[in-house]
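S.K.: Using mature numbering (1 follows the signal peptide of the UniProt record, and there is no 0), the letters of the sequence shown map in sequence onto residues -28 to -1, 1 to 155. Backbone N, C-alpha and C fix where the C-beta goes; we use that ideal spot for every residue, glycine too.
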Amino acid sequence: MPEAGPIRSFRGVVAAGLFLALAGCAAAEIPAPVGASVPVCRDDLALLQGGDGRWHRFRIELADTAADRARGLMFRRDLARDQGMLFVYPAPQNVAFWMRNTLIPLDMLFFDAAGRITRIHENARPLDETPIPGGSAVRFVLEIPGGQARAQGLRVGDRLAHPAVTPAQAALPCPPAGSAPAP
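1) Taking only the alpha-carbon atoms, compute the straight-line gap between ALA142 and ASN66 and give it to the nearest angstrom.
2) If you draw a straight line from the alpha carbon of PRO5 to that of ALA123, how long is it in whole angstroms?
3) What span of residues does the beta strand (DSSP E) with ASP79 cover, start to end?
4) Residue range of the beta strand (DSSP E) that GLN124 falls in?
5) Output needed for ARG41: all residues of its chain with C-beta closer than 7 Å, excluding positions within five of it in sequence on either side, in chain order.
6) Buried or exposed: where does MET46 fall if 16 or more other Cβ atoms within 10 Å of its Cβ makes it buried?
7) Checking 7 Å against the spacing of the C-beta atoms, do LEU81 and LEU114 come in under that value?
8) Shortest alpha-carbon distance to GLY119 belongs to which of ASP15, PRO11, GLY56 and ARG48?
9) By DSSP, does ALA140 sit in helix, in strand, or in coil?
Written out as structure tokens, the structure is:
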């Protein structure tokens, strides 16, 4: 019987390494930062992925009814830098926002139906009733504390992952449930 133990072990190591490398490529569809898992979509989180693959998480309140959208973040005295409100419209439409009764500066991120940022308005002034146009095919608007869009490097084209984004249209579909631990 030929002695092939060391060669067989070496081949096993090479095969295992090749398998892991290929499996890593397959998992790169939704990149995550080194050492971090792919976040799971939840109603109370807005997950944004930048062009560099970095994830940005905001703990959100949903404004998905006409009354909630009309009230928005009015009368709030503060908002943590990782908090916001996601406005969800039933269909893409022309939207404009204002800051009536809003006491804190806000950044407004406007998204299309696929969840791509189409426009960013930075540092909207508290109590200013000047209309802030979002565009003609807006389906989602994320309001976050003023200055956070720039601080986090958010840009037009970045993508939103959230259960409200229709999976068939999503530029960044939510990972399947159970595919990763919650953030």
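M.R.: On the basis of the data shown:
1) 20 Å
2) The pLDDT assigned to PRO5 is 42, lower than 50, so where the model puts this residue is not dependable, and the model offers no usable value.
3) 78 to 83
4) Segment: none, GLN124 is in no beta strand (DSSP E) and carries neither H nor E.
5) ALA35 and PHE59
6) exposed
7) yes
8) GLY56
9) coil
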